[in-house]
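Enquirer: In the order they appear, the protein sequences are chains Z and E.
Residue numbers are given in the UniProt record's numbering: position 45 of the first sequence equals residue 45, and the series is strictly consecutive.
Residue numbers are given in the UniProt record's numbering: position 15 of the second sequence equals residue 15, and the series is strictly consecutive.
For each residue, glycine too, the CB sits at the ideal point set by N, CA and C.
The model shown is predicted, which means the values in this text are computed figures rather than measured ones.
There are 2 protein chains.
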Amino acid sequence: MTTTQRTGSGRRGRPGYDLESLLSIAVDLFNERGYDGTSMEDLARRLGITKSAIYHHVSGKQELLRLGVDRALDGLLGVADEAAALQGRAIDRLDHLVRGSVAVLVDQLPFVTLLLRVRGNTDVERDALARRRRFDRTVADLVAQAERDGDVRPDVDPALTARLLFGMVNSLVEWYRPRGDDTHIIDAVASVAFHGIRDTTNR
Amino acid sequence: MTTTQRTGSGRRGRPGYDLESLLSIAVDLFNERGYDGTSMEDLARRLGITKSAIYHHVSGKQELLRLGVDRALDGLLGVADEAAALQGRAIDRLDHLVRGSVAVLVDQLPFVTLLLRVRGNTDVERDALARRRRFDRTVADLVAQAERDGDVRPDVDPALTARLLFGMVNSLVEWYRPRGDDTHIIDAVASVAFHGIRDTTNR
């Protein structure tokens with residue numbers, strides 16, 4: 001990829017921004033204004049450098065988008081692959097997947113936020129949506145398997161349940177602000193997802 | 001309000017669009033392109049009428065936004081007020097609120113979608129966010145009361161739980177397509193929210 005070649009060429013250490021900090025600021029700007037609403041001029045202004053200084057690092061806006069959404073997708077699909085490869089019952093693998101996804105989400109919040117706002121207008125966005133669908137299929141397959149195992153209540157539809165679970169998980173990008181220790185939020189999501197909020201111990 | 005005076009003046013029946021159909025198309029366009037990214041020119045083009053024909057109905061883009069988000073908020077706050085006024089245990093009132101909110105959401109999907117994308121850049125948006133916070137407080141208060149009643153597990157934080165519940169509910173705007181009978185989705189959300197997905201009957 002272009003970026004790797006360029007960063008590999010030794011230009012990376014030039015004064016100003018390296019690719020990582022440039023990407024981070026670009027993703028924040030995309031999240032604030034929307035990808036379509038952000039121009040390379042806007043980005044140059046935010047960075048306080050010229051457009052040509054940005055083109056030194058990346059081929060353009062699309063490449064920044066691809067790097068941003070791939071960061072999120074690599075994390076999420078990594079967790080999905082881990083969960084699929086685990087030994088043990090599907091319900092436990094699903095638990096691993098839910099907890100791991102929350103961990104990726106809070107750790108890579110701006111990147112996952114960008115991913116979740118992608119709508120499919122460009123090749124990069126369509127590729128991202130295709131990878132998201134692969135993730136969604138893994139979730140739905142695990143819910144279906146757990147239901148066949150008798151570990152998920154039979155009155156829930158696997159595809160619908162997968163959507164509701166990850167609707168809850170993904171909603172974190174709208175309101176969660178990381179505080180260093182994310183154990184609390186990971187436990188809370190897993191608890192509501194698997195047990196609901198109603199206390200049935202004394203019924 | 002201007003609109004009421006104008007529609008009350010008898011001009012409403014003029015050929016083309018009445019306020020309701022104009023609002024519906026405007027809200028769809030706001031949802032497609034973002035409120036900030038939609039101009040009155042864009043709207044006139046979509047409607048196939050002149051801008052002055054739109055100003056016949058409303059004072060401008062802000063008024064269309066206000067009418068749109070108020071449609072969603074009136075429905076949601078109506079359900080919240082109902083739930084708060086009900087007799088009985090907080091957990092049952094919370095159940096009423098969750099089910100009623102899903103019903104409003106699927107019935108008024110474009111309007112709730114618009115509401116959930118509001119970010120607070122204008123007076124109309126700030127007013128909408130203030131009304132949303134009133135709704136969120138009702139939910140958090142009911143969760144807290146239900147927890148004091150011993151009906152909600154004590155390991156969940158009321159404010160966090162309220163956010164997770166409505167994160168799941170609100171995620172519907174991203175993927176749910178109404179199919180006439182919405183009982184199925186209302187039951188599915190209530191089931192996951194209150195009982196989670198794990199089958200504990202045989203443990």
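For Arg33 of chain Z, which beta-bridge partners are listed by DSSP?
Expert: Arg33 of chain Z is not bridged to any residue.
Enquirer: Between the alpha carbons of Arg33 of chain Z and Leu94 of chain Z, how many angstroms are there, rounded?
Expert: Cα-Cα distance, rounded: 35 Å.
Enquirer: With residue 213 of chain E as the anchor, note down where its alpha helix (DSSP H) starts and where it stops.
Expert: Outside the shown range of chain E (1 to 203) lies residue 213 of chain E, about which nothing can therefore be said.
Enquirer: Taking the alpha-carbon positions, what's the residue 212 of chain Z to Val118 of chain Z distance?
Expert: For residue 212 of chain Z there is no data in the structure shown, the boundaries of chain Z being 1 and 203.
Enquirer: Check the DSSP bridge columns for Val152 of chain Z and list the partner residues they point to.
Expert: BP columns for Val152 of chain Z point to E:Arg198.
Enquirer: Check whether the Cβ atoms of Leu105 of chain E and Val173 of chain E lie closer than 8 Å to each other.
Expert: A contact, by the Cβ cut-off of 8 Å.
Enquirer: Residues of chain E with a CB under 8 Å from the CB of Phe194 of chain Z: which are they?
Expert: The contacting residues are Gly196, Ile197 and Arg198.
Enquirer: Please name the residues in the region 130-164 of chain E whose beta-carbon is closer than 9 Å to at least one beta-carbon of chain Z, in chain order.
Expert: Result list: Val143, Ala146, Glu147, Gly150, Asp151, Val152, Arg153, Pro154, Asp155, Val156, Asp157, Leu160, Thr161, Arg163 and Leu164.
Enquirer: Any contact of the region 138-145 of chain Z with the region 82-100 of chain Z, i.e. 3+ C-beta pairs under 8 Å?
Expert: These segments touch.
Enquirer: In three-state DSSP terms, what is Asp182 of chain E?
Expert: Coil, per DSSP.
Enquirer: By the 7 Å beta-carbon criterion, what residues does the region 91-123 of chain Z contribute toward chain E?
Expert: From the region 91-123 of chain Z, only Ile91 have a Cβ closer than 7 Å to chain E.
Enquirer: List the endpoints of the continuous alpha helix (DSSP H) containing Arg66 of chain E.
Expert: Segment Lys61 to Ala85, the alpha helix (DSSP H) holding Arg66 of chain E.
Enquirer: Quick one: grab the DSSP three-state call for Ile91 of chain Z.
Expert: It is helical.
Enquirer: Return yes when the C-beta of Leu94 of chain Z is under 7 Å from any heavy atom of the ligand ATP, and no when it is not.
Expert: Ligands are entirely absent from the displayed structure, and the ligand ATP is therefore not among its contents.
Enquirer: From the DSSP output, in three-state form, read off Arg119 of chain Z for me.
Expert: Three-state DSSP puts Arg119 of chain Z in coil, outside helix and strand.
Enquirer: Is it true that the CB of Ile185 of chain Z sits closer than 8 Å to the CB of Arg99 of chain Z?
Expert: No. Outside cutoff.
Enquirer: Tell me which residues share the same chain as Ser9 of chain Z and place their Cβ nearer than 6 Å to its Cβ, disregarding the 5 neighbours each side in the sequence.
Expert: Reliability of the predicted coordinates at Ser9 of chain Z is poor, the pLDDT of 41 falling under 50, and the value obtained from them is presented with this limitation in mind. Counting only Cβ-Cβ distances below 6 Å, and skipping sequence neighbours, we find nothing.
Enquirer: Should Ser171 of chain E be flagged as near chain Z, meaning a C-beta pair shorter than 8 Å?
Expert: Chain Z contact via Cβ: present.
Enquirer: Would the beta-carbon of Phe194 of chain Z fall within 8 Å of that of Ile197 of chain E?
Expert: Yes; because the gap between Cβ atoms is below 8 Å, this pair is in contact.
Enquirer: Sorted by chain position, which residues of the same chain lie with C-beta nearer than 6 Å to Asp181 of chain Z's C-beta, five sequence neighbours on each side aside?
Expert: So the list is empty, once near-sequence residues are dropped.
Enquirer: Please compile the residues from chain E whose C-beta is within a distance smaller than 7 Å of the C-beta of Ala128 of chain Z.
Expert: None at all; the shortest Cβ gap to chain E is about 15 Å.
Enquirer: Taking the C-alpha atoms as reference points, what is the distance between Arg11 of chain Z and Met40 of chain E?
Expert: Here Arg11 of chain Z scores only 46 on pLDDT, less than 50, and its place in the model should not be relied on; the value that follows carries that caveat. Answer to the nearest angstrom: the Cα atoms are 47 Å apart.
Enquirer: Does the Cβ of Thr113 of chain Z have 16 or more other Cβ atoms within 10 Å, making it buried, or fewer, making it exposed?
Expert: The residue in question, Thr113 of chain Z, is buried, as its Cβ has 16 or more Cβ neighbours within 10 Å.
Enquirer: Grouping DSSP H, G and I as helix and E and B as strand, with all else coil, what is residue 214 of chain Z?
Expert: This structure cannot speak to residue 214 of chain Z, because chain Z is shown only from 1 to 203.
Enquirer: Which residues in chain Z sit within 8 Å of Val189 of chain E, going by Cβ to Cβ distance?
Expert: Residues of chain Z passing the Cβ test: Leu164.
Enquirer: Strictly under 8 Å for the Cβ-Cβ distance: is Gly88 of chain Z near chain E by that measure?
Expert: No - not a single Cβ of chain E is within 8 Å of the one on Gly88 of chain Z.
Enquirer: Distance cutoff 8 Å, beta carbons only. Does Gly13 of chain E sit that close to anything in chain Z?
Expert: Below a pLDDT of 50, predicted positions are generally treated as unreliable, and Gly13 of chain E, at 42, falls in that range; no measurement from the model is reported.
Enquirer: Within 8 Å of any Cβ in chain E, is that where the Cβ of Met40 of chain Z sits?
Expert: Judged by the 8 Å Cβ criterion, Met40 of chain Z is not in contact with chain E.
Enquirer: Going by beta carbon distance, what residues of the same chain come within less than 7 Å of Glu125 of chain Z, once the five residues before and after it are set aside?
Expert: Around Glu125 of chain Z: Val118 and Arg119.
Enquirer: List, in chain order, every chain E residue whose beta-carbon is nearer than 8 Å to that of Gly37 of chain Z.
Expert: Those are Gly34, Asp36 and Gly37, listed as they occur along chain E.
Enquirer: Shortest alpha-carbon distance to His56 of chain E belongs to which of E:Asp70, E:Leu19 and E:Val143?
Expert: The candidate whose alpha carbon is nearest that of His56 of chain E is E:Leu19.
Enquirer: Spatial neighbours of Ala26 of chain E within its chain, please: C-beta separation below 6 Å, excluding the five flanking residues on both sides.
Expert: Within the same chain, Ala26 of chain E has close Cβ partners Leu43 and Leu64.
Enquirer: In chain order, what residues of the same chain lie with their CB nearer than 7 Å to the CB of Leu116 of chain Z, ignoring the 5 residues before and after it?
Expert: Within the same chain, Leu116 of chain Z has close Cβ partners Asn170 and Val173.
Enquirer: Contact defined as beta carbons within less than 8 Å: I believe Gly60 of chain E pairs with Phe30 of chain E. What is the distance between those atoms, to the nearest angstrom?
Expert: Not quite, the Cβ-Cβ distance comes to about 13 Å (not below 8 Å), so this is no contact.
Enquirer: If we ignore side chains and look at the alpha-carbon of each, how far apart do Asp149 of chain Z and Ala159 of chain Z end up?
Expert: Distance between the alpha carbons of Asp149 of chain Z and Ala159 of chain Z: 16 Å.
Enquirer: Can you confirm whether Gly180 of chain Z, when its beta carbon is compared against all beta carbons of chain E, has any partner nearer than 8 Å?
Expert: Closer than 8 Å: no.
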